[in-house]
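Participant: Please find one structure pasted underneath; my questions will follow.
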Amino acid sequence: MRMPELRAGANLDIIPVGRLTTTPYCWAGCAFCRLARPLPKVRMTDAPAGLTLAHLAARGVNLDQTAQIRLRGGLSLREPFDYWIHFLRHLRAQYQGRLIAFSPVEIWQFHVLERRSLRDLLHLLKWAGVDLLGPGGSETWTPELRARWTPHRLEPNEWLSVAEAARQVGLGFSMAPIIGAHMGETEWNEYVAVILQHDPQELEVKPLNSEGTRWAAHDSASILETVAAIQRLREATPSLPLYVCWDEQPLDDAAAIFAAAGADGLLTSVWEVTPA
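Numbering-wise (full-length UniProt numbering), the sequence shown opens with residue 1 and increments by one.
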């Protein structure tokens, strides 16, 4: 890997993100996820109560402090989809920034449990004021990696069904290349090729953070691995918007390095509201 040459004016936007977590529990138990708190043999109706507007009010967060707000969480969720549509409608009435909600695996679960069409669910998200689906990432890993680390995530064809339905209703979708999954050169190239075949609206690089996860026996992704991934992605797709999720300080230094590597923006959390 070559380190990017820092040049005058090489910088990018630092984008403040507010995060709303529907529930901290998830039966899927993906190795790299801090929401992986399984509730074995518990029906969705018996899962703990999810996020409410009262939680948001109690935290007193400044919505206008952010450029985008994201609603996402685990899959052990008892509230029906329509509850979250009303939640998002209320949020949109107060917020003019970018609103991102639910990843394809969350949409797929509502599709299966509530027996509603993907198009119907996604049309409601669009009606509620959502701009973009949350990104998928591990769904396009090689079968071997998926079986080892994320066996309950969507199959690639299921993910593509959600993406196609989103496109049909005019809802944007992105993909999140996950960095630090111990991929070889061949695996990485296959991974990127599949991602780009799905024609996402943008890319969101996610360096793995192993703290508090079953991935903790492995190192978190380093800034060098992240830079290498940005460079490879930028070479593969020169014009697609490319952002990096990064919360480690100092942000300005990371932003300069990522900009030189070819990123367009750095996404960093400024607050998070959870139900627990």
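Beta carbons are placed, not taken as given, at the ideal position from N, Cα and C, and that holds for glycine. Given the structure is predicted, the values throughout are model-derived calculations rather than measurements.
With respect to the alpha helix (DSSP H) encompassing Ser161, which residues constitute its N-terminal and C-terminal limits?
Facilitator: 156-168
Participant: Could you spell out where the beta strand (DSSP E) holding residue 280 opens and where it closes?
Facilitator: A query on residue 280 cannot be resolved here, the shown segment of the chain reaching from 1 to 276 and no further.
Participant: In terms of residue numbering, what span does the beta strand (DSSP E) encompassing Trp271 cover?
Facilitator: 265-273
Participant: Counting only runs of 4+ residues fully inside the region 88-140, write out the alpha helix (DSSP H) ranges in chain order.
Facilitator: 104-113, 118-127
Participant: Cutting at 6 Å between CB atoms, please list the residues of its own chain near Gln109, excluding the five before and the five after it.
Facilitator: Excluding positions up to five away in sequence, the list reads Leu75.
Participant: Where do the ends of the beta strand (DSSP E) carrying Pro16 lie?
Facilitator: 13-21
Participant: Among residues of its own chain, excluding the 5 on either side of Val205, which ones have a beta-carbon nearer than 8 Å to its beta-carbon?
Facilitator: Ala176, Pro177, Ile179, Thr226, Ala229, Ile230, Leu233, Leu242, Tyr243, Val244, Cys245, Ala263
Participant: Nearest to Glu272 by alpha carbon, out of His55, Arg89, Pro48?
Facilitator: His55
Participant: For Gly9, count the other beta carbons within 10 Å of its own beta carbon; 16 or more makes it buried, fewer makes it exposed. Which is it?
Facilitator: Only weak support exists for where Gly9 lies, its pLDDT of 45 falling under 50; the value from the coordinates is given anyway. Gly9 comes out exposed.
Participant: Measure the Cβ-Cβ separation of Arg98 and Thr22 and say whether it is below 9 Å.
Facilitator: no
Participant: With H, G and I counted as helix, E and B as strand and the rest as coil, what does DSSP make of Pro4?
Facilitator: Note that Pro4 has pLDDT 49, beneath the 50 cutoff, so the model's placement of it is unreliable and the number below is only indicative. In the structure shown, Pro4 sits in coil (DSSP, three-state: anything other than H, G, I, E or B).
Participant: Rounded to whole angstroms, what is the Cα-Cα separation between Cys30 and Asn62?
Facilitator: One alpha carbon belongs to Cys30, the other to Asn62, and they sit about 31 Å apart.
Participant: What is the DSSP secondary structure of Tyr243, counted as helix, strand or coil?
Facilitator: In the structure shown, Tyr243 sits in a strand (DSSP, three-state: E or B).
Participant: Are the beta-carbon atoms of Ile121 and Ile107 separated by less than 9 Å?
Facilitator: Before going on, a small fix: residue 121 reads as Leu here, not Ile. Going by C-beta atoms, Leu121 is nearer than 9 Å to Ile107.
Participant: For my contact list, Pro16 and Thr268 are in at a C-beta cut-off of 8 Å; report their separation, rounded to the angstrom.
Facilitator: For Pro16 against Thr268, the beta-carbon gap comes to about 6 Å, under 8 Å, which counts as contact.
Participant: Mapping the DSSP letters down to three states, classify Leu75 as helix, strand or coil.
Facilitator: coil
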